[in-house]
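Counting with my numbering, you get residues 9 to 312 for the letters of the sequence shown. Even for Gly, the Cβ is constructed at its ideal location relative to N, Cα and C.
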Amino acid sequence: MTVEITRVGPESAPQVLAVVRAAFEARPPLDPPAAALVETEQTIADKLAGHGGLLACLDGRPVGALVLDLVGSTTYLRRFGVHPDAQGHGVAAALIDAAVEAAGTSEDLTVVAREELPQTVQFWERQGFREIRRESPNVELRRPLRTHVFQAPDADAMRGLGRSLAGQLTRGDLIVLSGELGAGKTTFTQGLGAGLGVRGDITSPTFVIARVHPSLVGGPDLVHVDAYRLGGLGELDDLDLDTSLDDAVTVVEWGEGLAEGLAESRLEVAIVRGDAPHDELDPRRVELTPVGPRWHALSFRGLG
């Protein structure tokens, strides 16, 4: 079965409305009811007249839809819905990927979900969206368009992602890792080290604050830092490392909010556990957000 996404306008209001009604009527009753349930062909056409929308077809049948609504620097995804009998075929994910392409110069995508539907909120979180505002009963979530989301179902996949990324790294690069305890930050760094070809086993640097892994292949060294116990950037400068940060790839665990001042450009890597009960795979979602001119021209397609 093939999902095909098409950019549509007011002329597609009947098809978009049919999908929206089917999707929203299948949800549990809400108080107050979802505004999507009172849409008509005319109101949908009026919304599509602004910035258009997307229609997803599965083997030629309309099964998914959304309306694009540009507000300031963000694009809202309105009336997002997938027909109940088409769920589980990748329609929602395909719509989101197409929305990223359709958003143009917008800085991010935004959605509004209902707090009574925690599974819906979790779905958006799995797609890289983060809650930015909650005004009961609505939850507003936003995803920066520069964020690249990858799935790591197991430790090998996490290492593979790090190894793949290492091929694009160069001297002076700063990577800031965040994630809860045991999320996989060190596992990701092990993949980086393997890809860079550095010496030594990469383990958590907790007890030494920072560890230098020299290159075995003439490339940059890897500096692995635990910022959890650092009081500030000055303490990192005072560590008297055996290599200059300008000549190394520096990975800072627990560095969010602290290590950003080390360089104008950085790659922020957030590792998030899935919301499903942890099985033997204990899957993770890895979000890569490039910050600064160093990363803007890089492509993260095909990593992993």
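As assigned by DSSP and simplified to three states, the class of residue i
i    : result
L189 : coil
D105 : helix
H91  : coil
D287 : Caution is warranted here: a pLDDT of 46 is assigned to D287, below 50, making its placement in the model unreliable, and the coordinate value is therefore given only provisionally. Three-state DSSP puts D287 in coil, outside helix and strand.
F308 : coil
Q198 : helix
S223 : strand
D162 : coil
L169 : helix
A271 : coil
A218 : strand
G96  : coil
L177 : coil
A110 : helix
7 Å Cβ shell around residue i - same chain, five flanking residues per side excluded
i    : result
V225 : G205
Q159 : P291, R293
W132 : V119, A121, L149
T195 : A163, M166, R167
I13  : L62, A64, A102, L103, A106
G227 : L204, G205
W303 : S273, L275
V90  : A31, V71, G72, V99, A100
P298 : R154, L275, H304, L306
A34  : P92
G208 : H221
Limits of the unbroken alpha helix (DSSP H) element including residue i
i    : result
P40  : No alpha helix (DSSP H) contains P40, which DSSP labels as neither H nor E.
I52  : 49-59
P126 : 126-134
D207 : Reading the sequence as shown, one finds Arg at residue 207 and not Asp. First-last for R207: undefined, no H or E at that position.
Other residues of its chain near residue i: CB distance less than 8 Å, five sequence neighbours each side excluded
i    : result
E49  : A21, P22, L25
D116 : S81, T82, T83, R150, R151, P152, L153
E124 : P36, L38, P145
R142 : E123, E148
Q127 : none
Where the beta strand (DSSP E) through residue i begins and ends
i    : result
R274 : 274-281
E318 : In this structure the chain extends from 9 to 312, so residue 318 is not present and cannot be described.
E33  : Unbroken run through E33 is the alpha helix (DSSP H), 21-33; no beta strand (DSSP E).
P152 : 146-152
A235 : Careful: A235 lies outside any beta strand (DSSP E) and carries neither H nor E.
D116 : 116-122
I13  : 11-16
T314 : The chain is shown from 9 up to 312; residue 314 falls before or after that span and cannot be answered.
A256 : 256-261
Per DSSP, cross-strand counterpart(s) of residue i
i    : result
G72  : A64, V90
D229 : A256
H156 : L296
L78  : T83
G184 : Looking at the sequence provided, one finds Val at residue 184 rather than Gly. DSSP output for V184 lists V260, E276 as bridge partner(s).
Same chain only: Cβ atoms within 6 Å of residue i, ignoring 5 sequence neighbours per side
i    : result
D287 : Its pLDDT being 46, under 50, D287 is placed unreliably in this model, and the value from its coordinates should be taken loosely. Here the set comprises nothing.
G192 : M166, I279, R292
G136 : R151, T155, V157, E295
D234 : P213, T214, I217, E261
T258 : L182, V231
D255 : R179
Chain E within 9 Å of residue i, Cβ atoms only
i   : result
A57 : You won't find chain E in this structure, because it holds only one protein chain.
Residue i beta carbon near the ligand GDP (any heavy atom closer than 8 Å)
i    : result
T118 : You won't find the ligand GDP in this model; it holds no ligand whatsoever.
Checklist entry - Would you call the region 90-101 and the region 43-57 in contact, with 3 or more CB pairs under 8 Å? => result no
Checklist entry - Between the region 194-204 and the region 173-181, do at least 3 Cβ pairs fall closer than 8 Å? => result yes
Next on the checklist: I'd like to know if the region 63-80 and the region 99-117 are in contact, where contact means that at least 3 CB-CB pairs between them fall below 8 Å.
Outcome noted: yes
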